[in-house]
Amino acid sequence: MSESQRKKYSQEEKDSIFDGEFMPHMDSMYNFAFRLTFDEDDAKDLVQDTYLKAYRFINSFEQGTNAKAWLFRILKNSFINEYRKKSKQPAKVDYQEVETFYNSDDVDYQGTTDLRVDSVKDMLGDEISNALNSLAVDFRTVIILCDLEGFTYEEMAKILDIPIGTVRSRLHRARNLLKEKLRSYAQYMGYKTDSEEEEEN
Amino acid sequence: MDKELDKSGQRKLECADVSRCFQLLERIIDGNNIPDSKEIIQEKLAKCQPCFEHFHLEKAIKEAIHTKCTKFCMSEDMKSDIRKKIQEIKLDAR
Numbered sequence: 001m002s003e004s005q006r007k008k009y010s011q012e013e014k015d016s017i018f019d020g021e022f023m024p025h026m027d028s029m030y031n032f033a034f035r036l037t038f039d040e041d042d043a044k045d046l047v048q049d050t051y052l053k054a055y056r057f058i059n060s061f062e063q064g065t066n067a068k069a070w071l072f073r074i075l076k077n078s079f080i081n082e083y084r085k086k087s088k089q090p091a092k093v094d095y096q097e098v099e100t101f102y103n104s105d106d107v108d109y110q111g112t113t114d115l116r117v118d119s120v121k122d123m124l125g126d127e128i129s130n131a132l133n134s135l136a137v138d139f140r141t142v143i144i145l146c147d148l149e150g151f152t153y154e155e156m157a158k159i160l161d162i163p164i165g166t167v168r169s170r171l172h173r174a175r176n177l178l179k180e181k182l183r184s185y186a187q188y189m190g191y192k193t194d195s196e197e198e199e200e201n
Numbered sequence: 001m002d003k004e005l006d007k008s009g010q011r012k013l014e015c016a017d018v019s020r021c022f023q024l025l026e027r028i029i030d031g032n033n034i035p036d037s038k039e040i041i042q043e044k045l046a047k048c049q050p051c052f053e054h055f056h057l058e059k060a061i062k063e064a065i066h067t068k069c070t071k072f073c074m075s076e077d078m079k080s081d082i083r084k085k086i087q088e089i090k091l092d093a094r
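So this is what it looks like as structure tokens:
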């Protein structure tokens, strides 16, 4: 249904949609915003801004569709258009990482790294979080949306305004980068990796 | 991916179609609706070592992210501030 075809909601309907469908996602939105900005106040501002926009543009939301994905899309756009612009510090992007992995839908699927399942299971939340937080924001974003928030590829494509094929390839690259970070961390912390075990044998 | 086990009955040590297999396994792990996904996993994991390793590692990382990463929640003060702002906007709109 196009926006022009969609009926305008009455004040009562607006309030009902806002309170019933939008407000329950406040914590998820804050978690996403915090993982984008790493700052409590900025994260709060982003969430607040998202809710104010959601109210202003509520007529473009189709009741019964995925409200959480709709809100996340607004938040992501606000982050790109406003937060990144007004932020005094440039976004933490490893440009070499991005140039190497980012500009194509073609993914080079390679054999597995020597990171071990047991090492991953033994790692603490902080260790996993630090590895995730060290990724460039676009790679971090797809992992947060997929693995933390449980969005489908289709929903992620809508939130990020990219084709599903790009979601898949970006997610694969993001996970490879994350594995590299986790592998380095595992070695640093003395967890065994397969390559070390081979060297010993 | 090779359809058959090697002569010793062990998993094949090399996957003949890594791109297709890994992509498929990742789509299954991510909960995409793939017909016969259980059978596909069973077959690939039984017969191909790279697929076996990739599947279990990807699954472990996904589970670790989901269960171990802290979910940051808003303080009640922050929530209350936002609710106030929204209320102001609602009143202005009437």
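For the record, the sequence lines run as chains A and B. Per the UniProt record's numbering, the first sequence starts with residue 1, numbered consecutively. Per the UniProt record's numbering, the second sequence starts with residue 1, numbered consecutively. Ideal Cβ placement from N, Cα and C applies to all residues, glycine included.
Buried versus exposed call for residue i [16 or more other C-beta atoms within 10 Å across all chains shown]
i: D41 of chain A; result: exposed
i: N31 of chain A; result: buried
i: Y153 of chain A; result: buried
i: S78 of chain A; result: buried
i: S28 of chain A; result: buried
i: K44 of chain A; result: buried
i: Q10 of chain B; result: exposed
i: E21 of chain A; result: buried
i: E76 of chain B; result: exposed
i: E39 of chain B; result: exposed
i: Y95 of chain A; result: Model confidence at Y95 of chain A stands at a pLDDT of 44, short of 50, so the residue's coordinates are unreliable and nothing is read from them.
i: E88 of chain B; result: exposed
i: Q11 of chain A; result: exposed
i: A93 of chain B; result: exposed
i: R56 of chain A; result: exposed
i: S16 of chain A; result: exposed
i: S169 of chain A; result: buried
i: N103 of chain A; result: Unreliable positioning characterises N103 of chain A in this predicted model, as indicated by a pLDDT of 46, which lies under 50. The coordinate reading is nonetheless provided below. Burial call: exposed.
C-beta contact flag for residue i and residue j at 8 Å
i: V167 of chain A; j: L57 of chain B; result: no
i: K158 of chain A; j: R73 of chain A; result: yes
i: L115 of chain A; j: A174 of chain A; result: no
i: T70 of chain B; j: G125 of chain A; result: yes
i: K85 of chain B; j: L52 of chain A; result: yes
i: Y9 of chain A; j: T37 of chain A; result: no
i: I61 of chain B; j: L178 of chain A; result: yes
i: K76 of chain A; j: L171 of chain A; result: no
i: K79 of chain B; j: Q49 of chain B; result: no
i: L46 of chain A; j: A54 of chain A; result: no
i: L145 of chain A; j: H66 of chain B; result: no
i: I28 of chain B; j: S19 of chain B; result: no
i: I80 of chain A; j: F18 of chain A; result: no
DSSP bridge partner residues for residue i (one or two, in chain order)
i: C48 of chain B; result: B:K12
Residue i versus the options, residue with shortest Cα-Cα distance
i: K14 of chain A; options: A:A69, A:Q63, A:S129, A:D27; result: A:Q63
i: A131 of chain A; options: B:A64, B:E26, B:K44; result: B:A64
i: L24 of chain B; options: B:Q10, B:Q42, B:K12, B:R11; result: B:Q42
i: F55 of chain B; options: B:L91, B:F22, B:C15; result: B:F22
i: G31 of chain B; options: B:K59, B:L91, B:R83; result: B:K59
i: M74 of chain B; options: A:D122, A:H25, A:D19, A:D118; result: A:H25
i: E127 of chain A; options: A:P163, A:D118, A:K181; result: A:K181
i: C51 of chain B; options: B:A16, B:I89, B:S80; result: B:A16
i: N66 of chain A; options: A:D39, A:M156, A:Q187, A:R140; result: A:M156
i: Q47 of chain B; options: B:A93, B:E26, B:I89, B:E14; result: Strictly speaking, residue 47 of chain B in this sequence is Lys, with Gln absent from that position. It is B:E14.
i: G190 of chain A; options: A:D122, A:Q48, A:I80; result: A:D122
i: T50 of chain A; options: A:N59, A:I58, A:L71, A:S60; result: A:L71
i: V142 of chain A; options: A:N176, A:D118, A:R183; result: A:N176
Heavy atom of the ligand HEM within 7 Å of residue i beta-carbon
i: G20 of chain A; result: Annotation note on the ligand HEM: not contained in the displayed structure, which lists no ligands.
Bounding residues of the alpha helix (DSSP H) (the contiguous stretch that carries residue i)
i: E149 of chain A; result: Note, E149 of chain A: premise wrong, no alpha helix (DSSP H); not H, not E.
i: R175 of chain A; result: 164-188
i: S80 of chain B; result: 76-93
i: K14 of chain A; result: 11-17
i: I28 of chain B; result: 18-29
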